[in-house]
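Read through the structure below, which is laid out as structure tokens, and then see the notes.
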């Protein structure tokens, strides 16, 4: 029996692997150049930004960072970042809890309407959610939740981020039930099973959920845009918008610097967990 | 239908590992040649090198009159049947069979004719419109074979085609394939076949000649009977034949005018035919005797040896008896109606077994080479 | 324990509530709203099909927006999916550093929806931004990407395409699932690399292509951040996608009934395209699936 590496060696022996590496390298460079350039530009002077295509700054100036951080509002980005985390962290927590519970139900249990609910779940992944925004807004308005973080956090407590439920279900389906059966014989009830057996096995998938939800929430724009009115509650996404929205004359250097800072949490989390969640993302696609 | 010639074929991988060491082999036109050996012996690698799926790092490969080292599989005139069939799941059986021909630009009528002919040969005309996922294992394998036949190649290559089938199916497919080969030859379209397997039963029953490989080195190339009767070394001797030949360390010592073998504390005088060529030797050897050449009842020319019984496996028509000569464990293969007294004996009992020493083998203690060849 | 239906339902209850409260109810409410006139101050007033009539006959901005949205989807989705497939194919060989490349291509799709990137995009496409600088280095006149209605669409299309990484990793996983011996058999059949790609690879991954096309189509029709932040729907409404129009009507002008009607048109559009895709899939999507026995 031949291993896939042996056979691929042949195809590539007669092919030209370096050509592929070159092509990939070029594309990667083009793709990432804007980001590289952004980082470099954050250290450049205003004049240099507009004249140099090379991304390496001739001199490292940190002025833009300081000014950008302070912003032209009465709050610094410290406030805005704090706000972002005030939205993101609770949201992640409730997402993980609710999605794990619901995924557990779909993957293991039988219950009334299971097929229907599953189709609904898959269907909502394809719904243009925009159609729901307005009524949700009115609903939250009735509840008096406008200008608070509740509309951004509470829905996630009900497993409404169906992508995550789907991903967890797919992952769970791949886990054999032997250990759960053994635990049941040992007398575990459902919650104990979930906590002691399932959750540890689900760890990679849960990490994916956390990473995705973190990044998506940190970058969420439309949600905060619709629901938040007071500037002191603005997360980073809205604050960034503010810095370019006000006038025609944009302090680009500052904006660029602060954009870099805004991206740092997402990029950091991404690199810390990238191997994990790329696999989670790809497996949820093919088994569909 | 072509002659296949391998001269000093070598395979060295990028990391320096040498998988195939200087293989020289000639496969005759229309011959059914089997490559057999344990896993890791490089039989599949060798096959894939013939196919063009692995590069040849040393030596020359000729198919027919052409040197094909640098040619792509398509240009070599080969057709391969894969272990996992490799049928295109998104095409019907017909399309699977026709694919290669269509790529080569063969006119539609000829494609249809060749496909139907192959389907007829393999009795699968009724499967032509089905998809691979609707086929059983045996049917899928036939389609894989059909795909090869349709190409009218110079050499057929089979890579362990039956190992994914269950035992019964394997047995019937074995017969089918062998018959196919012989039929093709009789009808004037002889097919040169190289068939890789790890199963020595397949090798023995299907092959006209067998090439036994170990760790990338050819051990022996011969007909099944020759391999059975005159194995070139202890490895071939133990690989061919089931249950395995009894091979044990023993001592050669002079005995009167001839030689005797000391095995498990027993002195076994060798027949003159064996002793003669080894006159000058003494010391350690490997003694080999096939289980079928140990009987429970006396036979002409056999030597009676006292042994003790270990246990017995009943196979229905025959019995595998495991016994010991002294400390040496042996196996005998006895027809069920020739058990004699053995039938009533229990574990640990003593019994006299009869060794047909004129069928024994003696191998060099270090190299394993057959001393009597 | 797993047959205990009540227990199962208990676990899934949050989802059931979530669907009812945050999906089903708003869904129905939005439908009802689309037949009314509501500005948040006075109570809603039932107006029958007036909103829809207005959309169908009297609103040139709607027609423009619809056209823009369709154009955007028609450009961006094939580009994104096509690129994803192409790169996944190039990546699909025994190579060192595959993790690096996967991460490198995936990163943009993570960051692409953020404001920071939208800001970046707005900047690099501005009159003296990076893109024009690069173009001038190769002798092309600077293009007024953001000010010229013929080019503005490309900025948001490029942003959308830039984020192909998420679709790519899905393709890559699917490609790696195709058995190598199929390619070997094809090689023995005489198929060139090109033929192998089109006649073996692509047919076998049609389910994944289908999945990606639908998901990306749904995303494309809802694209908001890019058009909002980079081009602000202009110039001259050349990037005024429906999502923007809905937002403006609902949350800036508080023309809620109209906004609801608009969102329902978008919904129907996406729904219709999805349904069409599903129907057409039986002609071109091949599911390898489990063994069936006749």
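Chains as they are written, first to last, in the working numbering: chain A, 22 to 309; chain B, 1032 to 1404; chain C, 143 to 436. Cβ coordinates follow ideal geometry from the N, Cα and C atoms, glycine included. Because the structure is a prediction, the values reported are computed rather than measured.
Inter-residue Cα distance where the pair is residue i and residue j
i: residue 338 (chain C); j: residue 1122 (chain B); result: 14 Å
i: residue 269 (chain C); j: residue 276 (chain C); result: 12 Å
i: residue 371 (chain C); j: residue 171 (chain A); result: 25 Å
i: residue 230 (chain A); j: residue 376 (chain C); result: 36 Å
i: residue 1222 (chain B); j: residue 1403 (chain B); result: 36 Å
i: residue 200 (chain A); j: residue 1187 (chain B); result: 48 Å
i: residue 1307 (chain B); j: residue 1253 (chain B); result: 25 Å
i: residue 288 (chain A); j: residue 175 (chain A); result: 26 Å
i: residue 1074 (chain B); j: residue 1094 (chain B); result: 18 Å
i: residue 343 (chain C); j: residue 384 (chain C); result: 36 Å
i: residue 1338 (chain B); j: residue 1065 (chain B); result: 38 Å
i: residue 452 (chain C); j: residue 294 (chain C); result: Nothing in the structure corresponds to residue 452 (chain C), since chain C is present only between 143 and 436.
i: residue 153 (chain A); j: residue 190 (chain C); result: 20 Å
i: residue 1328 (chain B); j: residue 1371 (chain B); result: 6 Å
i: residue 1376 (chain B); j: residue 1385 (chain B); result: 16 Å
Limits of the alpha helix (DSSP H) - the one that residue i falls within
i: residue 142 (chain A); result: 135-147
i: residue 147 (chain C); result: 147-160
i: residue 1049 (chain B); result: Counting along the chain, residue 1049 (chain B) falls outside any alpha helix (DSSP H), though it belongs to the beta strand (DSSP E) covering 1049-1058.
Residues that residue i contacts on chain B, provided the C-beta gap is smaller than 7 Å
i: residue 346 (chain C); result: 1120, 1121
i: residue 372 (chain C); result: By Cβ distance, chain B contributes nothing, its closest Cβ being about 42 Å from residue 372 (chain C), past 7 Å.
i: residue 428 (chain C); result: 1121
Listed by chain order, chain C residues near residue i by CB distance under 9 Å
i: residue 1109 (chain B); result: 330
i: residue 1115 (chain B); result: 321, 323
Residue-level contact to chain A via CB, residue i, 8 Å cutoff
i: residue 280 (chain C); result: no
i: residue 360 (chain C); result: yes
i: residue 147 (chain C); result: yes
i: residue 421 (chain C); result: no
i: residue 435 (chain C); result: Low per-residue confidence applies at residue 435 (chain C): pLDDT is 44, beneath 50, and the placement is therefore not dependable, though the value from the model is reported in the following sentence. For residue 435 (chain C), the answer is no, since every Cβ of chain A falls outside 8 Å of its Cβ.
i: residue 192 (chain C); result: no
i: residue 392 (chain C); result: yes
i: residue 150 (chain C); result: yes
Contact list for residue i against chain C, beta-carbon separation under 7 Å
i: residue 81 (chain A); result: Those do not exist, as residue 81 (chain A) stays about 19 Å from chain C at its closest Cβ, beyond 7 Å.
i: residue 1130 (chain B); result: 331
DSSP state of residue i mapped onto helix, strand, coil
i: residue 1396 (chain B); result: coil
i: residue 1123 (chain B); result: coil
i: residue 64 (chain A); result: coil
i: residue 1380 (chain B); result: coil
i: residue 1042 (chain B); result: strand
i: residue 34 (chain A); result: Note on residue 34 (chain A): pLDDT 47, under 50, position unreliable in the model; the coordinate value appears next. Three-state result, residue 34 (chain A): helix.
i: residue 1375 (chain B); result: helix
i: residue 429 (chain C); result: coil
i: residue 1226 (chain B); result: strand
i: residue 1385 (chain B); result: strand
Chain-ordered chain C contacts of residue i [CB-CB under 8 Å]
i: residue 1322 (chain B); result: The contacting residues do not exist; residue 1322 (chain B) stays about 38 Å from chain C at best.
i: residue 234 (chain A); result: Within 8 Å Cβ-Cβ: nothing; residue 234 (chain A) doesn't reach chain C, min ~12 Å.
i: residue 1149 (chain B); result: Simply none; closest approach about 14 Å.
Short CB-CB distance (under 8 Å) between residue i and chain B
i: residue 351 (chain C); result: no
i: residue 298 (chain C); result: no
Beta-carbon neighbours of residue i, restricted to chain A and to distances below 8 Å
i: residue 172 (chain C); result: 152, 153, 155, 156
i: residue 169 (chain C); result: 152, 153, 156
i: residue 363 (chain C); result: 149
N- and C-terminal bounds of the beta strand (DSSP E) containing residue i
i: residue 1361 (chain B); result: 1359-1366
i: residue 1355 (chain B); result: 1349-1356
i: residue 1089 (chain B); result: 1089-1094
i: residue 1320 (chain B); result: 1314-1320
i: residue 1339 (chain B); result: 1334-1345
i: residue 1179 (chain B); result: No beta strand (DSSP E) holds residue 1179 (chain B); the alpha helix (DSSP H) holding it covers 1168-1181.
Below-8 Å beta-carbon distance, residue i vs any chain C residue
i: residue 286 (chain A); result: no
i: residue 262 (chain A); result: yes
i: residue 1047 (chain B); result: no
i: residue 181 (chain A); result: yes
Contact list for residue i against chain B, beta-carbon separation under 8 Å
i: residue 240 (chain C); result: Per Cβ cutoff of 8 Å: no residues; residue 240 (chain C) is ~18 Å from chain B at best.
Beta-carbon neighbours of residue i, restricted to chain B and to distances below 9 Å
i: residue 337 (chain C); result: 1134
i: residue 326 (chain C); result: 1079, 1082, 1084, 1104, 1111, 1113, 1117
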